[in-house]
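J.: Take this structure first; my questions come after.
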Amino acid sequence: MAVALNTLVEEADRYLAAARIADYCPNGLQVEGAPQVTRIVSGVTASQALLDAAVEADADLVLVHHGYFWKGENPCVTGMKQRRLKTLLKHDISLLAYHLPLDLHAEVGNNVQLARQLDITVEGPLDPDNPKVVGLVGSLSEAMTPRDFARKVQEVMGREPLLIEGEQMIRRVGWCTGGGQGYIDQAVLAGVDLYLSGEASEQTFHSARENGISFIAAGHHATERYGVQALGDYLARRFALEHIFIDCPNPI
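Taking our numbering, I'd label the letters of the sequence shown as residues -15 to 236.
Listed below in structure tokens is the structure:
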């Protein structure tokens, strides 16, 4: 089966409510390729490695969380950017990218999908009074030690996380995938036992220690693998297309 590129993009934009979410980059179709789509390749970031894999897989469209044209970046099409765009244009492959809309979505969003992977019951937003904070808060069915929860994260993520271990058992959890370590202050106010994000900053250690909570950095790439897979699966079911998720390893 094939679907018109414009039809697929319109559905993805509608499903994610992309037009209603302010972001640091354009969401939706970033590079236009062939007018018909039969095969989607998805991945976390539109790196050269993913584009090369998409060419090898004979994809018509690449779907990612981290696309191009970020605010503040050099707009000149040179070097790495030129090589990436040349690959897409040469092979008539479209690039479809969703950043914050994919973090926030209640079904296929990165944060909701990570909760499902880690068996966390979602209770609500990390900061109900600030919609710009994209993290969530939830609970485990049974309390566990910080080290036991870190082992669970390692089993799911396939990599050892950074653990800052607090003293209390873990029952209530706050989290934000990717580079959401700055929301640890909101997590403290939400009364969590542990806050999880993809990355850590130097001050994260002190915030966790001095506020008496545990913290886990599980990897920016690793925590954001699940939303784009879920969105790709949704589009594939919706239009009877083939969808292949390709994980290009990234230790960050």
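C-beta atoms are modelled at their ideal positions from N, C-alpha and C, and glycine is treated no differently.
Can you look up residue 223 in the DSSP assignment and give me helix, strand or coil?
T.: The answer is helix: DSSP assigns residue 223 an H, G or I state.
J.: Between 151, 109 and 116, which lies nearest to residue 129 when the distance is taken from Cα to Cα?
T.: If we check each option's Cα against that of residue 129, 151 comes out closest.
J.: Determine the extent of the beta strand (DSSP E) in which residue 108 is found, giving its start and end residues.
T.: Taken as a continuous stretch (DSSP letters only), the beta strand (DSSP E) holding residue 108 covers 105 to 109.
J.: Could you compute how far the alpha carbon of residue 198 sits from the alpha carbon of residue 225?
T.: If you take the alpha carbons of residue 198 and residue 225, they lie about 43 Å apart.
J.: Checking the sheet assignment: what are the DSSP bridge partners for residue 15?
T.: In the DSSP output, where bridge partners are listed per residue, residue 15 has 79.
J.: According to DSSP, which residues form a beta bridge with residue 201?
T.: Bridge partners of residue 201: 146 and 181.
J.: State yes or no: is the C-beta of residue 2 nearer than 7 Å to some heavy atom of the ligand FAD?
T.: You won't find the ligand FAD in this model; it holds no ligand whatsoever.
J.: Which residue's Cα is closest to the Cα of residue 200: 175, 173, 234 and 136?
T.: The shortest Cα separation from residue 200 among 175, 173, 234 and 136 belongs to 136.
J.: Under the assumption that residue 2 contacts residue 112 (Cβ atoms under 8 Å), give the Cβ distance between them as a whole number of angstroms.
T.: Rounded, the Cβ-Cβ distance is 23 Å, inconsistent with contact.
J.: Can the beta-carbon of residue 211 be found closer than 8 Å to that of residue 159?
T.: For residue 211 and residue 159, no; Cβs fall outside 8 Å.
J.: Would you kindly report the start and end of the unbroken alpha helix (DSSP H) that includes residue 190?
T.: Unbroken alpha helix (DSSP H) run through residue 190: 186 to 195.
J.: Per the contact definition of three or more C-beta pairs closer than 8 Å, is the region 63 to 77 in contact with the region 41 to 55?
T.: Yes: the two stretches touch, three or more of their Cβ pairs being nearer than 8 Å.
J.: Given a threshold of 16 other Cβ atoms within 10 Å of its Cβ, counted over all protein chains shown, does residue 66 qualify as buried or as exposed?
T.: Residue 66 is exposed by the Cβ-count criterion.
J.: To which residues of the same chain is residue 35 closer than 8 Å at the C-beta, ignoring the five residues directly before and after it?
T.: Cβ neighbours of residue 35 beyond the five flanking positions: 46, 68, 71, 72 and 77.
J.: List, from N- to C-terminal side, the beta strand (DSSP E) runs of 3 residues or more that fit wholly inside the region 128 to 172.
T.: List check, beta strand (DSSP E) in window: 146 to 148 and 154 to 160.
J.: Over what stretch of residues does the alpha helix (DSSP H) that includes residue 71 continue unbroken?
T.: It spans 63 to 74 - the alpha helix (DSSP H) in which residue 71 sits, taken as one unbroken run.
J.: Leaving aside the five residues before and after residue 26 along the sequence, list all residues of the same chain whose C-beta is less than 8 Å from its C-beta, in chain order.
T.: Hits under 8 Å: 46, 47, 48, 212, 213, 215, 216, 227, 228, 229 and 230.
J.: Leaving out the 5 sequence neighbours to the left and right, which residues in its chain are closer than 7 Å to residue 138 when beta-carbon positions are compared?
T.: Within the same chain, residue 138 has close Cβ partners 144 and 145.
J.: If you compare alpha carbons, which of 89, 132, 87 and 88 is closest to residue 102?
T.: Comparing Cα positions, the closest option is 132.
J.: Can the beta-carbon of residue 156 be found closer than 8 Å to that of residue 169?
T.: No, these two residues do not count as a Cβ contact at 8 Å.
J.: Taking the alpha helix (DSSP H) that residue -9 falls in, what are its first and last residues?
T.: Where residue -9 is concerned, the enclosing alpha helix (DSSP H) stretches over -11 to 0.
J.: Name the DSSP beta bridge partners of residue 39, please?
T.: According to DSSP, residue 39 bridges with nothing at all.
J.: Which partner residues does residue 243 have in the DSSP bridge list?
T.: Nothing can be reported for residue 243: it is not among the residues displayed for the chain, which extend from -15 to 236.
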